[in-house]
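As you go down the protein sequences, you meet chains U and Z in turn.
Sequential numbering from 1 applies to the first sequence in this note's numbering.
Sequential numbering from 256 applies to the second sequence in this note's numbering.
Don't be surprised by glycine CBs; every beta carbon is placed ideally from N, CA and C.
See below for the structure under consideration.
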Amino acid sequence: MTLLEVKNLKKVYTTRFGGNQVQALTDVSFSVEEGEYVAIMGESGSGKTTLLNILAALDKPTSGEVLLEGNNIVLINEKVISAFRRQNLGFVFQDFNLLDTFSLQDNIFLPLVLSGKPYQEMNSRLQPLAEKLRIKDILSKYPYEVSGGQKQRAAVARALITYPKLVLADEPTGALDSRSSDDLLQIFSQINQEGQTILMVTHSTKAASHASRVLFIKDGVVFHQIYKGSLTTEEMYQKISDTLNIIATGGARNE
Amino acid sequence: MSKFFYAKLAMTNINKNRKTYIPYILTCISTIAMFYMMHFISGNPGLKKMSGGDALIIILNLGNYVIGIFSVIFLFYTNSFLIKRRKKEFGLFNILGMEKKHIITIIVWETFFVTVISLFIGLMSGAVIGKLMFLLLNNILQFEVPLTYFVSIKSMGMTVVLFIGIFVLTLLNNLRQIHLAKPIELLRGGQVGEREPKTKWVLVLIGVATLAYGYYIALVTESPLAAINKFFLAVLLVIVGTYALFTAGTIALLKLLRKNKGFFYQTKHFIGVSGMIYRMKQNAVGLANICILSTMVLVMLSTTVSLYIGMEDVLKTRYPKEIDVTASNLSKEASQSVEKMIKEEAEKYQVKLKDPVSYRSASFPAVRKGNTFTTNEDTLKSFTDISMIELIPLDEFNQLEKQSVTMEDNEVLLYTLKGKPIKNSISIAGQNFQIKQQLKDLTIIGDASAMMTDSYFVVVKDEDTVKSLYPTEELDAVEWKDLSYFYGFDVDGNAKDEIALTKALAKKLNEVSIDGQAEGREEAKESFYSIYGGLFFLGLFLGTLFIMATVLIMYYKQISEGYDDKERFAIMQKVGLSKEEIKKSIKSQVLIVFFLPLVAAVIHIAFAFKVITKLLALLNLTNIGLFAICTAATILIFAIFYALVYSLTAREYYKIVS
């Protein structure tokens, strides 16, 4: 079943005084099936972040549609969009975005508290999650007291605790050392196997090689995509790497 | 490189940091203007020629010192905000290849510009507004003041010297900070280590104890004399308590709230409580400052305003009759000759005597224990339980009240002017008396009403009884031989004649070498107006200064908080908090932070109210109703002003956050 469908997305930024126009997304279309693990790759300035912001309903496209289970999120009323985001989407960011004023546990609870869930329910949701993400012992600590990897695992817990339909991850390994990165990618694979749909934006080949499908964006369009199929992660790594080389040397494009 | 490169860069910097620099320059300008005005007015040669001018000079000089010291503290404080905000900028300069000495050159230039601009505008506006202040002071003093307005070079010089000194000090402080810091530390600037504050229970206990004891003192102090001694202690205790509770108490309370899971994990409280913990850590001292400042403003304004408005009352309390003559050690015969003399003088000045009253009595201090009054010298050294006893012989009483009371040797009539009532019997200096009658009223109470202590009027059988009760040891330097004499009257006539008569009487008493004095309401008016008017003026002046300080501290708090909060609210939005919810949450937090000091200040004043009325009684203001109204009005005006500032800075804050 198709969970997310993106149709002819276009985004044009206009500079403040109406001068230059910058086309961030030209025409992007793709779809994500339920339970899929999709990575979107592209160089800086290719429009990755713009795409993710639109998918997260943080930004509006100039034209095009984003359908989540058939509902066009572009048309969702401003008033309910926060609640929509809270209930349907989970976010993992490159710089964790944990609040220094809350302990890890309270950071994880934040979206549930905003939805008005009682403490008992929050706690019963947290326990298995904390176990799985190995953060049980540090729940009462504050973000500045723990390592980057631990912070990111807490952020993952915050994304998952709402049981979202889709987890959006923006360069989740960007600020982590290689061991923590491996760790996190392991976790992503694991939760994906348990049925969680994940959409990850990255330019780390290694991160992308864990995904079941990789989309390549260049100059605002989906340029290419490859499926993992039955390939091992190492083989996938090689394949992505080759594709990136082709894109970088500009083989198929007329410059 | 151009010689003026750094100067230009400094100018650009000031311009770019308008949001923080302009309030700072405004502060400099206004403190400079205020110091100049105060210095100029207090040094005006005309003051010496005024009656009561000496007291006024002392009051205004005091104002000089207060403003001077305050300027130093305050400019340092605002400057520290400024430099904290700008550390990042300097760090960037450093990384881009500027050496510390170049950065120092820029900072020196910036300080130079700020100094020149604020001194110039400050002195100019000081000279202009000074004229207005002058008119205001003249108006407040309500009599012909021989003050002349001019632009005082001396005061300007003094102001320039003081403020250049302050600017140099702040500059050195800034340079020290820049010099010590590593570039990376500069880059990080304000936001280093936002650790969660610890709960300091000891400090909370100290805060609660000091505040409670301070309040307790303020509430139980009955005698005005004790109030002077204890008021200072109470103020110190309350200040300590305020700081302790603002810093430790609020955090302890918030953490307790957080522990309560049912309360904490609700959308409304969740963000608010944890946000407040973080805010209070950074702002507690600043808020305590604001609280203390506000309390000072409110107390100062309400007391000086009510003293000034209540001046006529004060004069009436202090001088029950328009003119009175008092003399000590006067026999009955001598008193009659004084009375004759007064009447002759009044005729000479064509002043008609109205409702004259006269009586002889003897008064002395005594220590009260239950119904017993002792006059032992040792016990008199404690201020607390002292009462004044005024003994009046029966014949004087009957003459005064136009009555014909008779009584036995061991009987007295008692009139309680101030103090706890005494029932049935009274013992004075070892003799016991039955109280025959409690007097409800007494025609004249002489100058006893000007006393701050408890006072009892005791009518005894005759002069001999008075003499036997009067303490044998010398209480004053003057040896006691006979009763004191009081003669008071109102007059028909204008103020000028009244003053002339008062002066003539005083002269006459001196001529016939009688140990006594003549005082008059009109004669005292000028010096009362110059003292109370001076206090009022000072109250207004300092009140304005402190309000300005409060406003500025709040403004800087809001601005720097805004920058810190910006990031946090961006995160919350990403996690699923709507703009509306964010706005609501900001509003309630800012509201609490803003109005907490004001609420605390009002509570302080409510507790201090009683002890302040006692202090005002020392200054002859006994009209508590008036003081209550003045206090309420001051609080109201201050609160309106406060709310106004809130709405202005809150707008600035939202602009930064969103």
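message = List, in chain order, every chain U residue whose beta-carbon is nearer than 9 Å to that of K821 of chain Z.
response = What K821 of chain Z touches in chain U: nothing, since even the nearest Cβ is about 13 Å away.
query = From N123 of chain U to H524 of chain Z, what does the alpha carbon distance come to, in whole angstroms?
reply = 18 Å
query = How would you call I226 of chain U, buried or exposed, if buried means at least 16 neighbouring beta carbons within 10 angstroms?
reply = buried
message = If we define contact as Cβ-Cβ less than 8 Å, is S920 of chain Z a contact residue for chain U?
response = Limits of chain Z in this structure are 256 at one end and 913 at the other, which puts residue 920 of chain Z out of reach.
query = Hey, would you say T476 of chain Z sits closer than 8 Å to V866 of chain Z, going by beta carbons?
reply = yes
task = Indicate whether at least one CB of chain U lies closer than 8 Å to the CB of E788 of chain Z.
result = Before going on, a small fix: residue 788 of chain Z reads as Gly here, not Glu. No, its Cβ sits nowhere closer than 8 Å to a Cβ of chain U.
task = Could you tell me whether the Cβ atoms of T502 of chain Z and L458 of chain Z are closer together than 8 Å?
result = yes
query = Skipping 5 residues on each side, what residues in its chain have a beta carbon closer than 7 Å to that of K151 of chain U?
reply = F96, L98 and P143
ask   = When the Cα atoms are used, what is the spatial distance from L305 of chain U to I198 of chain U?
value = The structure shown has nothing for residue 305 of chain U, since chain U only spans 1 to 255.
ask   = Which residue's Cα is closest to the Cα of L430 of chain Z: Z:P575, Z:T708 and Z:W364?
value = Z:W364
query = If you draw a straight line from the C-alpha of D696 of chain Z to the C-alpha of I312 of chain Z, how long is it?
reply = 41 Å
Residue-chain proximity (K437 of chain Z, chain U), Cβ-Cβ < 8 Å = no
message = Is there a Cβ of chain Z sitting closer than 8 Å to that of L133 of chain U, yes or no?
response = no
message = Give me the chain Z residues within the contact set of M122 of chain U, using Cβ-Cβ distance strictly less than 8 Å, ordered along the chain.
response = Y520
message = Going by DSSP in three states, N72 of chain U sits in which element: helix, strand or coil?
response = strand
request  = In angstroms with no decimal places, state the Cα-to-Cα distance between E777 of chain Z and Y574 of chain Z.
outcome  = 10 Å
query = Hey, which unbroken runs of the beta strand (DSSP E) at 3 residues or more fall wholly within the region 133-196 of chain U?
reply = 166-170
query = If the cut is a Cβ gap below 7 Å, which residues of chain U does I847 of chain Z touch?
reply = Neighbours of I847 of chain Z on chain U: none; closest Cβ ~15 Å, over 7 Å.
task = Ignore the nearest five residues each way along the sequence and tell me which others in A473 of chain Z's own chain have a CB closer than 6 Å to its CB.
result = A489, F862, A863 and V866
ask   = Does the count of Cβ pairs from the region 623-632 of chain Z and the region 668-686 of chain Z closer than 8 Å reach three?
value = yes
request  = Give a yes or no on whether 8 Å exceeds the smallest Cβ distance from L114 of chain U to chain Z.
outcome  = yes
ask   = Helix, strand or coil: which one does DSSP assign to E816 of chain Z?
value = helix
query = Grouping DSSP H, G and I as helix and E and B as strand, with all else coil, what is Q686 of chain Z?
reply = strand
key: Chain-ordered chain U contacts of G530 of chain Z [CB-CB under 8 Å]   = T101
request  = Closer than 9 Å by beta-carbon distance: list the chain Z residues that pair up with L68 of chain U, in chain order.
outcome  = Residues of chain Z passing the Cβ test: none, with the nearest at roughly 15 Å.
ask   = Assuming F30 of chain U contacts V221 of chain U under a Cβ cut-off of 8 Å, what Cβ separation, rounded to an integer in Å, is found between them?
value = With a Cβ gap of about 11 Å, F30 of chain U and V221 of chain U do not count as contacting.
Proximal residues to Q446 of chain Z (C-beta, below 8 Å), its chain only, five neighbours per side dropped = Note that Q446 of chain Z has pLDDT 49, beneath the 50 cutoff, so the model's placement of it is unreliable and no number is given.
message = Tell me which residues share the same chain as N272 of chain Z and place their Cβ nearer than 6 Å to its Cβ, disregarding the 5 neighbours each side in the sequence.
response = none
query = Along the chain, where does the alpha helix (DSSP H) that runs through M41 of chain U open and close?
reply = Element bounds for M41 of chain U: not the alpha helix (DSSP H) but the beta strand (DSSP E), Y37 to M41.
query = Going by alpha carbons, who is nearest to D737 of chain Z out of Z:K587, Z:A804 and Z:Y604?
reply = Z:K587
message = Measuring straight from C-alpha to C-alpha, what distance separates T249 of chain U and E235 of chain U?
response = 21 Å
key: Cβ contact check for the region 773-787 of chain Z and the region 601-612 of chain Z: 3 or more pairs under 8 Å   = no
Nearest neighbour of I858 of chain Z, chosen from Z:L790, Z:L466 and Z:P452 [CA to CA] = Z:L466
Under 7 Å by beta carbon: chain Z residues contacting Y142 of chain U = E451
inquiry  = I'd like the ranges of any beta strand (DSSP E) spanning at least 3 consecutive residues and lying wholly in the region 77-120 of chain U.
reply    = 89-92
ask   = Given a threshold of 16 other Cβ atoms within 10 Å of its Cβ, counted over all protein chains shown, does K250 of chain Z qualify as buried or as exposed?
value = What is shown of chain Z runs 256 to 913, which leaves residue 250 of chain Z out entirely.
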